[in-house]
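Presented below is the structure to which this report refers.
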Amino acid sequence: MAEVIQEMMTKLLLMRITVIHTEIASKYSVEKVSILEDDFAVLINTSHPSLRKQLSHSLQEAAVHTAKNRRFCLEIDLTETMKNWYTENRDAFTSCDDIHSMKMRRTRLYVTNHSIYSHRYDCSPKWIIFLGLCWIVAAPCYFIFRKLTCRDIRVTIDGEITLMTNMLPEAVECNRQVN
Numbered sequence: 055m056a057e058v059i060q061e062m063m064t065k066l067l068l069m070r071i072t073v074i075h076t077e078i079a080s081k082y083s084v085e086k087v088s089i090l091e092d093d094f095a096v097l098i099n100t101s102h103p104s105l106r107k108q109l110s111h112s113l114q115e116a117a118v119h120t121a122k123n124r125r126f127c128l129e130i131d132l133t134e135t136m137k138n139w140y141t142e143n144r145d146a147f148t149s150c151d152d153i154h155s156m157k158m159r160r161t162r163l164y165v166t167n168h169s170i171y172s173h174r175y176d177c178s179p180k181w182i183i184f185l186g187l188c189w190i191v192a193a194p195c196y197f198i199f200r201k202l203t204c205r206d207i208r209v210t211i212d213g214e215i216t217l218m219t220n221m222l223p224e225a226v227e228c229n230r231q232v233n
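Residue numbers (my numbering): 55 to 233.
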C-alpha cells in the first residue's frame, strides 16, 4: 500500500468526467429541449498542498487497514467540485440560458482491496416514490453487508478547478491530408 500512496501523491491523476445536462432553449419557452453530454479530461495534482491535506488522513487509514489484512474501499469524490465549476463556467460550453437538470458521471476515484461502494441505494426521491418497498428492504441489507465486510472511507474533494485550453505547444502543428 505504501507504493500506491507514493504513486498517488507524486503523479498527476487523469480522470474522464462526463457532464450530462438537459437544456431548454429559453426560460420562456419549452419548445426546444435537448440532452447534451460534455466530456472533460481532469488532471488532479495530488502534490498540491490543499489536496495533500484532504487525502493524507484517508490514505493513511487505508494503509492501516491493509497492514491489518482488512478490507477497505477509499472513494475520492469530485462530484460537487465539478458541479460548482461547471455551473459557474457553463456559458463557455453552451449558449442556452436554462439548464433544467445536470448529472455527473465518472467523478469518483476508488482505491480498494474489496469492491466499490454502490451509490444506487443512496436515498433519493426516485427510489422512495417509485420503489419505496424495494428500497426499504434492499438498502438496509446492503448497508449491513458493507458494514460487516469492509470499511468505506470517503473523501469529498473541495478545491479550485482551472480551465486549461490550447495545451499543445505552439510549435506543434497538426497536418491533415484530404484524399
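All C-beta atoms, glycine included, are put in the ideal place defined by N, C-alpha and C. All of these numbers come straight from a predicted model, not from anything done at the bench.
Pairing Cys177 with Ile190, the inter-Cα distance amounts to about 10 Å.
With 16 or more neighbouring CB atoms inside 10 Å of its own CB, Arg162 falls in the buried class. Across the structure, Lys65 and Thr100 are spaced so that their CA atoms are roughly 7 Å apart. Looking at Ser169, Lys122, Val96, the one whose alpha-carbon comes closest to that of Asp206 is Ser169. In the DSSP annotation of this structure, the continuous segment of the alpha helix (DSSP H) that includes Tyr196 starts and ends at 186 to 203. Rounded to the nearest angstrom, the Cβ distance from His75 to Ser155 is 7 Å, consistent with a contact under 8 Å. Assigned with DSSP and collapsed to three states, Met55 falls in coil, not helix or strand. The DSSP-derived three-state label of His75 is strand. Rounded to the nearest angstrom, the Cβ distance from Val165 to Leu128 is 4 Å, consistent with a contact under 8 Å.
With distances taken between CA atoms, Ser112 lies nearest to Met55 out of Glu214, Ile89, Met55, Val73.
Under DSSP, Lys157 shares a beta bridge with Ile74. If you look at Thr120, you'll find it in the alpha helix (DSSP H) that goes 103 to 121. Here DSSP, grouped into helix, strand and coil, assigns Ile183 to helix.
Secondary structure note for Tyr164: it is in no alpha helix (DSSP H), and the uninterrupted beta strand (DSSP E) holding it is 162 to 166. Setting aside the 5 residues that flank it on each side, Met63 is surrounded in the same chain by Thr100, each with a C-beta closer than 6 Å to its C-beta; the list follows chain order.
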